[in-house]
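K.L.:
Counting in the working numbering, the sequence shown runs from 2 upward without gaps.
All C-beta atoms in this analysis are idealised placements derived from N, C-alpha and C, irrespective of residue type, glycine included.
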Amino acid sequence: MKIIDAHNHPDWWGHDLAKTLANMDANNISQAWILSWECGANEFMQHYHQAFLASRDHGPIPFERCVAYKEKAPERFIIGYAPDARDPNACRRLRAAHDIYGAKVCGEVKCRAMYDNPDFLRMFRTAGELGMPVTLHFDYDRQFKCDDERVEWWGGTIKTLENVLAACPDTNFLGHAPGFWVHISGDDIWKVKQYPAADDPIPCEGEISRLLRQYPNLFCDISAGSGCTALSRDISFTKKFLTEFQDRVVYARDYFDTRHQDLLRTLDLPVEIMEKIYCKNAERLIENA
Ligand SMILES: [Zn+2]
């Protein structure tokens, strides 16, 4: 079965191009979406500096590095670029990335800003015009015990996501990260935990299910610990979720390990559903980009 990893980054966690390609081969991944990350220099926690070589001008993961990967192995990578929407030239730069370099995804959007503000909505609408799906990172404000004493938060709340979906009906969005996946359950766990544990129950379905039914422009990116843990909490719930929303969920890692494949393997889903999650939904999302 063809496998597309719909969320990864260049030079990420010790992986250069050669190591990334070797890792993709080892995990039967034929293509990866390689995404940039642009935000203010003081917006991200400093420990991230050991995960990448941040650009002084354009934030943590510059688009130039995505382009460099694509030039070396064009058939293996789909490149994504999300300018910081607060840059007055964000829409122009997004168009240039699409027209000149063939960027097909607007991602990863990860800024310390509410994504339903006018600057972001304008960029999201431009992405929609260009046929580019938008990958959104959400995180609630939490005080981390780490090298940054400030609260770190990204994007806003689940209500912010709903505002974005309603304001940009012609743009497809991929929900990603802890602030999104915590809402797989309809309880109050989002108030107390960034990462629910794999054995935290799902007493009832959450906002994600409601939003997926109400907004056809929402998709789910299962990458990272947040997506994997959310889908591990209640396996029978996960099977129902992935069956109902089989056209709206994409396999993605954000890592270089096998945890998401290991989880999907245990679910015993029909091959048609697995094909959609592993590649067809991701292919469909970028077919007009
Ligand atoms: Zn992210």
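List in chain order the residues whose CB is within less than 5 Å of at least one heavy atom of ligand 1.
P.N.:
His138, Ala178
K.L.:
How about Ser37 and Tyr102: are their beta carbons less than 7 Å apart?
P.N.:
no
K.L.:
Would you kindly work out how many angstroms separate the C-alpha atoms of Pro89 and Glu109, rounded to a whole number?
P.N.:
18 Å
K.L.:
If we ignore side chains and look at the alpha-carbon of each, how far apart do Gly15 and Ile190 end up?
P.N.:
Approximately 33 Å between the Cα atoms of the pair.
K.L.:
Using beta-carbon positions only, say whether Leu166 and Thr127 come within less than 7 Å of one another.
P.N.:
At least 7 Å separates the beta-carbon of Leu166 from that of Thr127.
K.L.:
Looking at Ala178 and Ser227, is the spacing between their C-beta atoms short of 7 Å?
P.N.:
It is a contact, given that the beta carbons lie within the stated cut-off.
K.L.:
How would you write the range of the beta strand (DSSP E) that Cys229 sits in, first residue to last?
P.N.:
That residue, Cys229, is in no beta strand (DSSP E); its alpha helix (DSSP H) goes 225–233.
K.L.:
Identify the continuous beta strand (DSSP E) that holds Ile30 and give its terminal residues.
P.N.:
Note, Ile30: premise wrong, no beta strand (DSSP E); not H, not E.
K.L.:
How far does the beta strand (DSSP E) with Val135 in it reach, from first residue to last?
P.N.:
135–138
K.L.:
Over the uninterrupted alpha helix (DSSP H) stretch that includes His261, give me the two end residues.
P.N.:
260–267
K.L.:
Looking at the unbroken beta strand (DSSP E) that takes in Val110, where does it start and where does it end?
P.N.:
107–110
K.L.:
The beta strand (DSSP E) with Ala296 in it runs from where to where?
P.N.:
Since the first residue shown for the chain is 2 and the last is 290, residue 296 is missing from the structure and cannot be characterised.
K.L.:
Determine the contact status of Ser224 and His8, defining contact as a CB-CB distance below 7 Å.
P.N.:
yes
K.L.:
Might you give, ordered along the chain, the residues of its own chain that have their beta carbon closer than 8 Å to the beta carbon of Asp201, omitting 5 neighbours on each side?
P.N.:
Once the five neighbours on either side are set aside, the close Cβ partners of Asp201 are Ser186, Ile190, Lys194, Arg234.
K.L.:
Could you round the C-beta distance between Thr172 and Gly129 to whole angstroms and report it? I think they count as a contact, below 8 Å.
P.N.:
Contact between Thr172 and Gly129 holds, with the beta-carbon distance rounding to 3 Å and staying under 8 Å.
K.L.:
Taking 6 Å as the limit between beta carbons, can you name the residues of its chain near Ala290, skipping five residues before and five after?
P.N.:
Once the five neighbours on either side are set aside, the close Cβ partners of Ala290 are Lys105, Gly132, Met133.
K.L.:
Using 7 Å as the limit for Cβ to Cβ distance, is Asp6 near chain D?
P.N.:
Checking the listed chains, one finds no chain D in this structure; it contains a single protein chain.
K.L.:
Hey, quick one: how far does the alpha helix (DSSP H) through Gly180 stretch, first residue to last?
P.N.:
179–182
K.L.:
To which residues of the same chain is Val68 closer than 8 Å at the C-beta, ignoring the five residues directly before and after it?
P.N.:
Ile80, Tyr102
K.L.:
Quick one: what's Pro206 bridged to in DSSP?
P.N.:
Rather than Pro, the amino acid found at residue 206 in this sequence is Glu. Its beta-bridge partners are Ser186.
K.L.:
Taking the alpha carbon of Trp182 as the point to measure from, which residue in Pro170, Tyr196, Cys169 has its own alpha carbon closest?
P.N.:
Tyr196
K.L.:
Using the DSSP secondary-structure output, state which residues sit across from Met115 in a beta bridge.
P.N.:
According to DSSP, which records beta bridges pairwise, Met115 is partnered with Gly156.
K.L.:
So what does Val251 bridge to, in DSSP terms?
P.N.:
Asp222
K.L.:
Give a yes or no on whether the C-beta atoms belonging to Asp222 and Val251 are separated by under 7 Å.
P.N.:
Going by beta carbons, Asp222 and Val251 fall inside the 7 Å limit.
K.L.:
Determine the burial state of Arg214: buried for a count of at least 16 other Cβ atoms within 10 Å of its Cβ, exposed for fewer.
P.N.:
exposed
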